[in-house]
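Beneath this line is the structure, given in C-alpha cells, with notes to follow.
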Amino acid sequence: EHKMHVPEMVFGHLLTSDNYDDDENKVTGGRNGYGAKLTNIFSTKFVIECGDGKRGQKYVQTWEKNMQEKGKASITKYSGKDFTKVTFYPDLKRFGMSKLDQDVVALMKKRVMDAGGSTDKKCRVFLNDSPVAVKEFKDYAELYFEKDQPRVYDKFGDRWEYVVTTSEGQFQQVSFVNSINTIKGGTHVSHVTDQFVDSILDKVNKKNRGGMEIKPFHVRSHLWVFVNCLVVNPTFDSQTKETMTLKQSKFGSKCEVQDKSIKQLFNMGIVDTVLQWAKARESIDMKRKMKAGGKANRLLGIPKLEDANLAGTKHSEECTLILTEGDSAKALAIAGLSIVGRDRFGVFPLRGKLLNVRDANFQQTVNNAEIQNVIQILGLEQQKVYDSVKPLRYGSIMIMADQDFDGSHIKGLLLNMIQHWWPSLFKLEGFMKEFITPIVKVSKGAQELQFFSVVDYEAWKEKHNGGKGWTTKYYKGLGTSTAKEGKEYFKNIRDHRMFFKWTGARDDELIDLAFNKKRADDRKEWINCYKDGDAVDHSRDSVTYSDFVNKELVCFSRYDVMRSIPCFVDGFKPGQRKIIYATFKRNLRSDVKVAQLAGYVAEHSAYHHGEASLQGTIVGMAQNFVGSNNINLLVPSGQFGTRLQGGKDHASARYIYTRLEPITRTIFHPDDDPLLEFQTEEGQSIEPKWYMPVIPMALVNGAEGIGTGWSTSVPNFNPRDLIAMLRKLIKKQKVSTTVNPWYRGFKGSIVPNPDTEKGGFEVVGIAKKVANNQIDITELPVKQWTQAYKEFLGKMAEAEGDNARGKIDDMKEFHTENTVHFSLSGTVDQIKALEQEGLEKVLKLRSTLATSNIVFFDSEGKIKKFSSVQELIHEFFQLRLKYYVKRKDYHVDRLKKEKNLIDAKVKFIVMVIKGELVVSKRKRDDLIAELKSLGFKPYNEIFGKTRSEEEEEGKPAVTQAKEPKSGFDYLLGMPLWSLTYERVEDLRRQAKEKTQELTDLQNTTPEALWERDLDAIVVELDRMDAEEDEAKKEEGRLRSGKRARPKAKAPAGRGRRKSGAKDEGGDENEPMEVDDDDDDEVEAVPAKKPKGDETGANLLDRLKERRKHRANVVVLDPVDLNMDVL
C-alpha cells in the first residue's frame, strides 16, 4: 500500500501510526507516529534489525545523519527466533555533550527497569546481557522504599495492579499505562487512589467528629501509590505522555479496590497518621485563633467581667481573678470585694461547667466563648511555657464554686484546662487557689461554728450530744449565703482560701486519669477504691492536687455513677428510690398530679436537682407500653407516652396524675421497712440506701445508664420466670442456666443469638406476606418505636438511583397506641425481591439484646460487673434470704414486746379497778415509784423504742416517732374509759391474737415467708393480666361497632382517675360511675371505694359480682348521643 517495507515505515517516516482509529480497541502506547522516529532523528546512526523465523527472513536497514540518509534494506535468509533489535548512536553534539554522562546512563538504565516492572513477568529483560532483578510490578515498586516498609499489593484482573504505602506528608505516585511511564499520573491513578481516599476519609471522619474539616487532598497527601495498567486507546496531555487524560468510563476495564486491601492499609496506621497530622494542624490553628490580646491594661467587650483595677499593669502579679460558679456566686463575691477592695481582685462568672479541653475536639474548643474569655482575661498564650506570672494580667486564679459534687467537678475542669494547656502554670506555687465556704453552720446564742465538710460536722455532733441545743443551718450552694456572710468570708479570707499545691508528676497523672476519656478502666478502679469518710482537710491552708482528685473530685465521679447506675438489690437509681420513698411515706393511694408529686419528693427526700428531671423519672416509672416497664410501680393516669415515640409523647406533668400500683407494696413489703438503713441529709431522714424487694426488680424492668467510667445495659426479664427460679433456689433445686429476656405485651420472639461469639439475644419482629403484592408488619423489635420506623419505611418507598420506584410502592397504617400494624404494598417483583433479600433483614426487624454489660452497685455500695443473669439472681437470693431471717427475728421480737405491753396494760387496769392501785390525787413521781415496785417496766425497757406505724395518706408511712414524755405514759396516758372490764377483755383478746400470731410466725421458716410473698405477687400479676385481657376485649368490641357493656370500676391502683377525688388526701365526695344514657330505667351504680390492701383475688371476685348489674345498663355509642343527653 505504501510501496515500502513495514520496518522502514515504522522507524523511518513521520506520522505513520496505525493508532488513530479509536473504533479499534488497542492497549498499546503509541498514537501519533513520532516516538521511534524521534530517536532516529536525534541519532548519527540508527540501525533496525528484524528476524522473522516463520518467513525465514532477516531485515536490516540503516539511517545516518539524523535520518537524512537512508540505506538500502538488506533482506537475507534467517532460521532463528523472532526478534527486533534497534541500535542507535545519539547525536551528542546536538545535546551539547561529548559523551553520555552518568545521569543519562542512569536514565537509560531506569527505562530498562521500567520495562521489567511494567511488562508481563514472562517477558525477560536484560541490561548489558544481564537479566534485570525486576521480574514483576511488585518488585519494581519495592525499589522505591525500604524493604521493611509496610505496603499493600493487589492485582485486579489481567489489566490492573497496584502497590500502596504511606508517604511523608506529600502525595507521590509512580504509574504506567500500557508500559508508558506517566510521571505526572493521570486519571488512571485517580481511579485507584480515590477509592482508598474515600475509605480512609470515612474512617477518619468517624474518629474526628468536631475536629477540623479533613478533605480528600489531606488524606491523599499521606499516600504513595504505584499503578500499572492496560487501558484501551489512552489519551495524554502532550506528546511526552506524562499525564493520562482519558475518562474513566472509557478505560475498557475497572479496578475495584478490594476490602482486604483497604483493611491492610488501615492496619498500617494510615488513619492515625492522618488524625495526628490534623491534630498538629489544629494546634497551629488554635494557637492563632485563641491568642490573647497580650497584657492589656483594660479589657472591654467581655460581658459580666468585673476587672481588677490593677490587672494588666506592673502590679498584675498581685491581682487575683475570682472565677465563680454562676451569677449568684458572683454577687456574693462582689459583696466581699467591698471589704478587700477592687484594685487587686477581679470577678468573672462561669456559665455552668467548663469544657473538658483534654478530650474536646478542635471545633468545640475554638468555638467555646467561655474558654476564649478566660484566656483573654488572664492574657494566656497557647503552647507558651511560663516560668513566672509576669506576662499575665493576673497573678493567680481563685475558684469560687459550691461546696457540692458539681462544684468539685467545676474546680476539676478548670484545673484540667490549666494542666493540659499550661502545665508550667499548673506547677507554679500560688497560681491556683480555691475559695471555700461552710456547708453547715451551728449557733447557740452569740457562739457560732462553721464546718467545711459533712465529715467534720458529724464528728463534732458525736462529741456534742448530737448537736442538741444548737441551731443548725445547711448551705447547699453559694446562693444560700447572704451578702453579709459574704463580707464576713472576705474579711477572714485566710480562713476561706486554700492553695493548690503541686507535689510531682503523680499530680499530673491523676488529673489525666480523671479527665482523659481513654482511661475509663483506670477510673473504674479509682472510683471503687474510694473509702467513705476520706475528705480534704479544710483546716489547712493548702491541698495537694493528688488529695483534691482522690478525696474530693472522686466524690463527684462516684456520685455521677450512682445517679446513672442502679443498685442490684432494688433496681433503683437514687431519683427513683426517692420517689418510692415519698410515695410510701405519703401512702399514695389516690391520684395526685405528677408535678405536685415531684415537689413533694423534692421536699421530703432532699432532692437537689431540677424538678423537670424528677418529673421525667416519675413518668418513666409509670409507663407500661411495650418496651418500657414489665411492672410499672406507679399508675399512669393520663397520657404517659406510648410506643409510638418511645414515651416521649407523654403529656405535661401539670396534666397527668399518678399513684401507687397495688403490686408495688406487694413487691416492697412493709414488713421489711424496719430492717432498712434509712439515710440522713441536712438533718432530715430520707430514703434508705436500698429497698429489699421480694423479687429482683433490677432484672424485671432492666437498666440503662452511663456514668463516669461505667455503663450498664440490662434487658427486661419475665417476673414469672424469676419467681420460678427463686422457688427452685428456695427448694435447693438446680436452676436453669439460661433465661430469656421478656417484655410485657411483645408479640415477637426473643431467642439466644445464633452467633455464639457475639452472645446475647436476638429480637425478631413479625412480618408476613399476606398477598403477592402485600406484606403486613405486626410487631417491631423492642425499643424500635413506631414513628421512627414509619420514617424508615417512607424512605423505602422513595425512588433509588436510576430506578423510577423504591423497594415498596405504598404503606398504610392500622396500628394503635399499643399495637403495630403496617401494610406494605408493591409490585409482585418488588415483594419477591424483598423476600429474596430476607424480610426480617431488609425490613430491619432484627435487633440484639446484650447481657455482657450487667453492671450494678452491690449491697455494700461498690460497683460490680456480673458475669451473667444467673450470678445476679444467686447473689440476690443469698441477700434476700438473709433478710427474711432478719424479718422473722425482728417481728418475733416485736410481737413478744407487744404481748408484754398488752399484759402490762391488763395488769394495770385490773389493779386500778380492784383498788389495788390508786392513780388519782397522787404525785407523779410517787406513782411511778409504786409502779416500779409492783413490777411494771418503763416503755423503753419493754419495747426498746417507739414503733413507726403506717398512717393514712397525707401523713408519713414510716416515721421516727418521738420518745414518750415518761417511760410509763403507755399506762398513765390511757383514757379514763379504758379502765373497764370490757377493755380488759378486749386487751386479753388482743394478747391471745398476738400469742397466736407469734406462734404462727415462730413455726414459719424464712423460706416459707418468702414463698408466701411470691404467691401474693403471682396473684397481683394474674390480676394485671386479667385487666389487660379485659381491656383488649373491650377494644375489640368497640372496633366491631357493638354496644359495649359498662366496664367494672377499676380496682385500686389501676384505671382512670375518679371524678370528685381530691388531688391530695382522701376523697372529698363519694365518686359515682354514671353511664351517659337517656334510659329512665337505668340507675346510677355507686362506686365502691377500693380498699388499699385489697388482693388481686378479691378484686376479681368483686369484678364478677359487678358484672351482674350489666344486663340492666346500656352505654350508647358516641353517634347516638344528642344534645339532651349531653
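When we follow my numbering, the leftmost residue of the sequence shown carries the number 219, and every step to the right adds one.
Ideal placement from N, C-alpha and C gives every residue a C-beta, glycine not left out.
None of the values given here were measured: they were computed from a predicted structure.
The continuous beta strand (DSSP E) containing Thr-538 extends over residues 538 to 543.
Looking at the backbone, the Cα of Val-1137 and that of Asp-889 are separated by about 37 Å. DSSP places Ala-989 within a strand segment (E or B) once states are collapsed to three. Between Val-1038 and Leu-998 the beta-carbon gap is near 5 Å, inside 8 Å, which marks them as a contact.
Residue state for Glu-666 is assigned as strand, using DSSP reduced to three classes. Residue environment analysis places Pro-911 among the buried positions, since at least 16 neighbouring C-beta atoms fall within 10 angstroms of its C-beta.
Spanning the alpha carbons of Ser-471 and Lys-459 requires a straight line of approximately 20 Å. In terms of Cβ geometry, Val-323 and Tyr-362 do not form a close pair [threshold 8 Å]. Separation of the CB atoms of Val-1130 and Pro-1224 is rounded to 42 Å, and the pair is thereby denied contact status at 8 Å. Thr-930 sits away from Asn-746, with the two beta carbons spaced by 8 Å or more. Rounded to whole angstroms, the separation of the alpha carbons of Thr-1066 and Gly-925 is 23 Å. Taking 8 Å as the cut-off, the Cβ atoms of Asn-919 and Pro-959 do not count as close. For Leu-419 and Val-443, the gap between their C-alpha atoms comes out near 16 Å.
Listed in chain order, the non-local C-beta contacts of Ile-797 below 7 Å within the same chain comprise Val-819, Thr-835, Ile-836, Met-839, local neighbours out to five positions each way being set aside. For Ser-764 against Leu-728, the beta-carbon gap comes to about 6 Å, under 8 Å, which counts as contact.
When the beta-carbon positions are compared, Asp-319 and Asp-300 stay at least 8 Å from each other.
When C-alpha distances from Pro-914 are compared across Phe-1074, Asn-1036, Met-462, Phe-669, the shortest belongs to Phe-1074. In this structure, the alpha-carbon of Gln-1048 lies about 37 Å from that of Asp-376.
Ranked by Cα distance from Asp-725, the first of His-638, Phe-669, Arg-715 is His-638. Put simply, the backbone Cα of Lys-468 is about 20 Å away from that of Lys-373. Note on geometry: alpha-carbon atoms of Val-1124 and Ile-948 lie some 42 Å from one another. Phe-644 is positioned such that its CB atom lies no closer than 8 Å to that of Pro-656. Assignment of beta strand (DSSP E) within the stretch 923 to 997, counting only whole runs of 3 or more residues, yields 929 to 932, 967 to 970, 979 to 982, 984 to 989, 992 to 997 in chain order.
The alpha-carbon of Leu-1219 is positioned some 23 Å away from that of Tyr-909. When the beta-carbon positions are compared, Ile-1120 and Gln-1208 come within less than 8 Å of each other. Residue environment: Tyr-307 is assigned as exposed (fewer than 16 neighbouring CB atoms within 10 Å of its CB, all protein chains considered). Scanning its chain for C-beta atoms nearer than 6 Å, with the 5 sequence neighbours on each side dropped, one finds around Phe-843 the residues Thr-860, Arg-861, in chain order.
Annotated three-state conformation of Val-1136 is coil, per DSSP. By the neighbour-count criterion, in which 16 or more other beta carbons inside 10 Å mark a residue as buried, Asp-1233 falls on the exposed side. A distance below 8 Å separates the beta carbons of Ala-547 and Pro-567.
Lys-513 is not a Cβ neighbour of Gly-487, given a cutoff of 8 Å. For the 8 Å CB-CB criterion, Lys-339 and Glu-360 do not form a contact. Per DSSP, Thr-1217 is one residue of the alpha helix (DSSP H) stretching across 1199 to 1220. When DSSP assignments are scanned along the stretch 413 to 462, the uninterrupted stretches of alpha helix (DSSP H) that are 4 or more residues long and fall wholly within it turn out to be 434 to 438. C-alpha of Glu-1089 to C-alpha of Thr-1069: approximately 12 Å in a straight line. In the structure shown, Leu-878 falls within a strand segment according to DSSP collapsed to helix, strand and coil.
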